[in-house]
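Residue numbers (our numbering): -4 to 182. See below for the structure under consideration.
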């Protein structure tokens, strides 16, 4: 302060420089935040350009964000906005490693593709769920859905084998409700 009193002109100039620098720093920060928000809003996780270079940060799972994204995806499903639901589920799969929401997202992606008649994509999601999350509660239903895909594609023998596998391996699972009684009796 004493030096400011002696050289008040110098003190004002220094203060103006600091304020100008602070202004520029704030402006740069705001611009970079706006760019990040714009990029994340336009993020399409199914973009092949993302490829294998995407890294999932296991330690940065924010359960509130995961829940919000998952709930929005489920809401989109309920509103029959399947494109939005697919993007949100894919975003979850690409960016988080939640042990419950990840397999559920795979399951719902399989369902969306199944209902759209994209059986190969549907099969890929169910197989990924089964192979990556062997003990998840949706695995028996994913196996059953593989049988449904075979049935829809006209491979009745494979469908029957898959249904019998589900009955044999998961006898107390509710996914069996949808398997017809004759198939159960033949098992």
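All C-beta atoms in this analysis are idealised placements derived from N, C-alpha and C, irrespective of residue type, glycine included. Quantities reported herein were computed from a predicted structural model and do not represent experimental measurements.
Self-check item: Coarse secondary structure for residue 133, derived from DSSP in three states
Solution: coil
Practice problem: In angstroms with no decimal places, state the Cα-to-Cα distance between residue 74 and residue 101. | Solution: 19 Å
Quiz item: Within this structure, are the beta carbons of residue 117 and residue 140 separated by less than 9 Å?
Solution: yes
Quiz item: For residue 154, which residues from the same chain have a beta carbon less than 6 Å from its beta carbon, with the 5 sequence-adjacent residues on both sides left out?
Solution: 142, 145, 146
Quiz item: Quick one: is the Cβ of residue 111 within less than 8 Å of any heavy atom of the ligand SAH?
Solution: No copy of the ligand SAH occurs in the structure displayed, which carries no ligand at all.
Quiz item: Start and end of the alpha helix (DSSP H) containing residue 159?
Solution: 151 to 164
Quiz item: Does the Cβ of residue 167 have 16 or more other Cβ atoms within 10 Å, making it buried, or fewer, making it exposed?
Solution: exposed
Quiz prompt | Neighbourhood of residue 115 by C-beta, 6 Å cutoff - its chain only, sequence neighbours within 5 removed | solution = none
Exercise. Just mark residue 156 as buried or exposed, buried being the case when its beta carbon has 16 or more other beta carbons within 10 Å.
Key: exposed
Quiz item: Beta carbon of residue 103, beta carbon of residue 128: below 9 Å?
Solution: no
Quiz item: Can you tell which of 81, 120, 70, 94 has the C-alpha that lies nearest to the C-alpha of residue 58?
Solution: 94
Quiz item: Secondary structure at residue 94, three-state DSSP: helix, strand or coil?
Solution: coil
Quiz item: Taking just the CA atoms, how far does residue 133 sit from residue 99?
Solution: 7 Å
Quiz prompt | CB contact flag (residue 161, residue 138, <9 Å) | solution = yes
Quiz prompt | Start-to-end residues for the alpha helix (DSSP H) that takes in residue 66 | solution = 58 to 73
Exercise. Output yes or no for whether 9 Å exceeds the beta carbon distance between residue 110 and residue 86.
Key: no
Quiz item: Straight-line CA distance for residue 60 to residue 120?
Solution: 23 Å
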